[in-house]
(Lines of atoms letter the chains of each structure in order from A; the text may use other names.)
(Lines give C-alpha, C1' and ligand atoms only; values in the text may rest on other atoms or scores of the structure.)
Protein backbone atom coordinates (compact mmCIF):
# COMPACT_ATOMS: atom_id res chain seq x y z
CA UNK A 327 0.00 0.00 0.00
CA UNK A 328 1.26 3.47 -0.84
CA UNK A 329 2.40 5.24 2.32
CA UNK A 330 1.54 8.64 0.89
CA UNK A 331 -1.58 7.61 -1.08
CA UNK A 332 -3.41 6.13 1.90
CA UNK A 333 -3.06 9.28 4.06
CA UNK A 334 -6.28 11.32 4.20
CA UNK A 335 -6.13 14.99 3.18
CA UNK A 336 -7.76 17.37 5.67
CA UNK A 337 -9.86 20.08 4.05
CA UNK A 338 -9.19 23.45 5.77
CA UNK A 339 -11.96 25.95 6.54
CA UNK A 340 -12.96 28.05 3.54
CA UNK A 341 -12.03 25.36 1.01
CA UNK A 342 -14.53 23.23 -0.89
CA UNK A 343 -13.56 20.07 -2.76
CA UNK A 344 -16.07 18.62 -5.21
CA UNK A 345 -15.65 15.32 -7.05
CA UNK A 346 -17.63 14.45 -10.18
CA UNK A 347 -16.45 11.26 -11.81
CA UNK A 348 -12.72 11.65 -12.48
CA UNK A 349 -12.72 15.48 -12.11
CA UNK A 350 -11.71 17.08 -8.80
CA UNK A 351 -12.39 20.81 -8.31
CA UNK A 352 -10.79 22.66 -5.39
CA UNK A 353 -12.15 26.12 -4.56
CA UNK A 354 -10.59 28.38 -1.94
CA UNK A 355 -9.95 32.00 -0.98
CA UNK A 356 -7.21 32.50 -3.63
CA UNK A 357 -8.99 30.85 -6.55
CA UNK A 358 -10.07 27.57 -8.12
CA UNK A 359 -8.03 24.65 -9.47
CA UNK A 360 -9.22 21.59 -11.39
CA UNK A 361 -7.60 18.18 -11.73
CA UNK A 362 -8.55 15.18 -13.85
CA UNK A 363 -7.65 11.97 -12.02
CA UNK A 364 -6.28 9.03 -14.03
CA UNK A 365 -8.70 6.15 -14.61
CA UNK A 366 -8.11 3.42 -11.99
CA UNK A 367 -7.81 5.86 -9.04
CA UNK A 368 -10.94 6.80 -7.06
CA UNK A 369 -11.38 9.99 -5.00
CA UNK A 370 -14.03 10.45 -2.29
CA UNK A 371 -14.85 13.32 0.08
CA UNK A 372 -15.96 12.14 3.53
CA UNK A 373 -16.28 14.09 6.79
CA UNK A 374 -14.09 17.08 5.80
CA UNK A 375 -11.39 14.78 4.38
CA UNK A 376 -10.38 13.68 0.89
CA UNK A 377 -9.65 9.97 0.52
CA UNK A 378 -7.74 8.56 -2.46
CA UNK A 379 -7.98 4.82 -3.12
CA UNK A 380 -6.97 2.32 -5.78
CA UNK A 381 -8.96 -0.73 -6.84
CA UNK A 382 -6.06 -3.18 -7.31
CA UNK A 383 -2.32 -3.63 -6.90
CA UNK A 384 -1.42 -3.30 -10.58
CA UNK A 385 1.83 -1.45 -11.31
CA UNK A 386 0.08 1.55 -12.89
CA UNK A 387 -2.43 1.85 -10.03
CA UNK A 388 0.37 1.80 -7.45
CA UNK A 389 2.28 4.47 -9.37
CA UNK A 390 -0.72 6.78 -9.66
CA UNK A 391 -1.98 6.36 -6.06
CA UNK A 392 0.55 8.55 -4.24
CA UNK A 393 0.84 10.94 -7.18
CA UNK A 394 -2.89 11.67 -7.24
CA UNK A 395 -3.00 12.28 -3.48
CA UNK A 396 -0.04 14.68 -3.72
CA UNK A 397 -1.55 16.59 -6.65
CA UNK A 398 -4.85 17.09 -4.78
CA UNK A 399 -2.94 18.17 -1.65
CA UNK A 400 -0.88 20.65 -3.73
CA UNK A 401 -4.12 22.13 -5.13
CA UNK A 402 -5.54 22.58 -1.60
CA UNK A 403 -2.32 24.29 -0.42
CA UNK A 404 -2.34 26.44 -3.58
CA UNK A 405 -5.86 27.83 -3.08
CA UNK A 406 -5.20 28.57 0.62
CA UNK A 407 -1.56 29.79 0.79
CA UNK A 408 -0.32 29.91 -2.81
CA UNK A 409 3.17 29.12 -4.06
CA UNK A 410 6.19 31.36 -4.59
CA UNK A 411 9.58 30.81 -6.16
CA UNK A 412 12.43 33.29 -5.86
CA UNK A 413 14.94 34.10 -8.60
CA UNK A 414 18.20 36.06 -8.36
CA UNK A 415 19.99 37.87 -11.17
CA UNK A 416 23.77 37.66 -10.64
CA UNK A 417 26.38 39.45 -12.76
CA UNK A 418 27.89 42.86 -13.44
CA UNK A 419 25.34 44.95 -15.32
CA UNK A 420 22.67 42.27 -15.02
CA UNK A 421 19.40 43.62 -13.63
CA UNK A 422 15.64 43.19 -13.67
CA UNK A 423 12.93 45.88 -13.73
CA UNK A 424 9.12 45.84 -13.53
CA UNK A 425 7.28 47.11 -16.64
CA UNK A 426 3.58 46.92 -15.76
CA UNK A 427 2.68 43.24 -15.48
CA UNK A 428 5.78 42.28 -17.50
CA UNK A 429 9.39 42.15 -16.36
CA UNK A 430 12.39 43.48 -18.30
CA UNK A 431 15.79 41.81 -17.98
CA UNK A 432 19.21 43.22 -18.88
CA UNK A 433 21.34 40.05 -19.11
CA UNK A 434 24.32 41.01 -21.24
CA UNK A 435 22.52 40.58 -24.54
CA UNK A 436 22.50 43.40 -27.12
CA UNK A 437 18.83 44.00 -26.25
CA UNK A 438 16.65 43.92 -23.14
CA UNK A 439 14.52 40.78 -22.70
CA UNK A 440 10.84 41.40 -21.89
CA UNK A 441 8.98 38.55 -20.13
CA UNK A 442 5.18 38.62 -19.92
CA UNK A 443 3.59 36.97 -16.89
CA UNK A 444 1.61 33.84 -17.85
CA UNK A 445 -2.06 33.66 -16.87
CA UNK A 446 -2.48 33.09 -13.12
CA UNK A 447 1.13 34.09 -12.33
CA UNK A 448 2.35 37.35 -10.80
CA UNK A 449 5.92 38.55 -11.20
CA UNK A 450 7.23 41.02 -8.60
CA UNK A 451 10.65 42.66 -8.54
CA UNK A 452 12.49 43.49 -5.31
CA UNK A 453 15.50 45.74 -5.74
CA UNK A 454 17.22 45.38 -9.11
CA UNK A 455 18.34 41.76 -8.88
CA UNK A 456 15.57 39.78 -7.14
CA UNK A 457 12.37 38.45 -8.71
CA UNK A 458 9.50 36.53 -7.14
CA UNK A 459 7.18 34.29 -9.16
CA UNK A 460 3.85 33.67 -7.36
CA UNK A 461 0.60 31.86 -8.13
CA UNK A 462 -1.84 29.20 -6.92
CA UNK A 463 -0.68 26.33 -9.15
CA UNK A 464 2.61 24.73 -8.05
CA UNK A 465 3.22 23.40 -11.55
CA UNK A 466 2.61 26.77 -13.26
CA UNK A 467 4.85 28.64 -10.78
CA UNK A 468 7.68 26.15 -11.26
CA UNK A 469 7.36 26.20 -15.04
CA UNK A 470 7.31 30.02 -15.22
CA UNK A 471 10.41 30.22 -12.98
CA UNK A 472 12.20 27.59 -15.08
CA UNK A 473 11.40 29.45 -18.32
CA UNK A 474 12.77 32.70 -16.88
CA UNK A 475 15.92 30.92 -15.64
CA UNK A 476 16.34 29.39 -19.12
CA UNK A 477 16.88 32.86 -20.65
CA UNK A 478 20.39 33.01 -19.14
CA UNK A 479 21.37 30.01 -17.03
CA UNK A 480 24.15 30.51 -14.45
CA UNK A 481 27.46 29.75 -16.11
CA UNK A 482 30.07 27.70 -14.24
CA UNK A 483 33.09 30.05 -14.51
CA UNK A 484 31.84 33.34 -13.05
CA UNK A 485 28.38 32.26 -11.87
CA UNK A 486 26.64 34.98 -13.91
CA UNK A 487 23.02 34.48 -14.94
CA UNK A 488 19.55 33.90 -13.49
CA UNK A 489 19.42 31.38 -10.65
CA UNK A 490 16.86 30.19 -8.12
CA UNK A 491 17.06 31.80 -4.69
CA UNK A 492 19.46 29.73 -2.63
CA UNK A 493 20.73 27.74 -5.62
CA UNK A 494 24.38 26.77 -5.36
CA UNK A 495 26.22 26.97 -8.68
CA UNK A 496 29.18 24.61 -9.02
CA UNK A 497 32.15 26.65 -10.17
CA UNK A 498 34.96 25.52 -12.45
CA UNK A 499 38.58 26.59 -12.03
CA UNK A 500 39.05 28.02 -15.53
CA UNK A 501 42.37 28.36 -17.29
CA UNK A 502 45.53 28.20 -15.22
CA UNK A 503 48.41 30.49 -16.16
CA UNK A 504 51.98 29.26 -16.54
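Residue numbers (our numbering): 327 to 504. Yeah, the Cβ is synthetic: ideal placement off N, Cα and C, and Gly gets one too. Keep in mind it's a predicted model, so treat the numbers as computed, not measured.
Residue of the options minimising C-alpha distance to residue i
| i | options | result |
| --- | --- | --- |
| residue 475 | 335, 441, 407, 502 | 441 |
| residue 402 | 472, 478, 358, 438 | 358 |
| residue 353 | 419, 378, 462, 387 | 462 |
| residue 483 | 396, 499, 424 | 499 |
| residue 345 | 360, 356, 333 | 360 |
| residue 391 | 369, 451, 406, 435 | 369 |
| residue 448 | 356, 340, 339 | 356 |
| residue 383 | 331, 339, 335 | 331 |
| residue 399 | 470, 451, 334 | 334 |
| residue 433 | 443, 444, 427, 414 | 414 |
| residue 387 | 404, 366, 395 | 366 |
Integer Cβ distance of residue i from residue j, believed to fall under 8 Å
| i | j | result |
| --- | --- | --- |
| residue 494 | residue 457 | About 18 Å; that fails the 8 Å criterion. |
Straight-line gap, residue i to residue j (C-alpha atoms, nearest Å)
| i | j | result |
| --- | --- | --- |
| residue 497 | residue 411 | 23 Å |
| residue 350 | residue 328 | 20 Å |
| residue 453 | residue 397 | 34 Å |
| residue 406 | residue 340 | 8 Å |
| residue 381 | residue 438 | 54 Å |
Per DSSP, the bridge partner or partners of residue i
| i | result |
| --- | --- |
| residue 328 | Beta-bridge pairing links residue 328 to no other residue. |
| residue 459 | 411, 449 |
| residue 490 | 413 |
| residue 358 | 353 |
| residue 499 | None, per the DSSP bridge assignment. |
Sequence-distant residues of its chain with Cβ nearer than 8 Å to residue i (five each side left out)
| i | result |
| --- | --- |
| residue 337 | 343, 371, 374, 375, 376, 402 |
| residue 502 | none |
| residue 425 | 440 |
Cβ shell of residue i (< 7 Å), same chain only, five flanking positions each side left out
| i | result |
| --- | --- |
| residue 468 | 411 |
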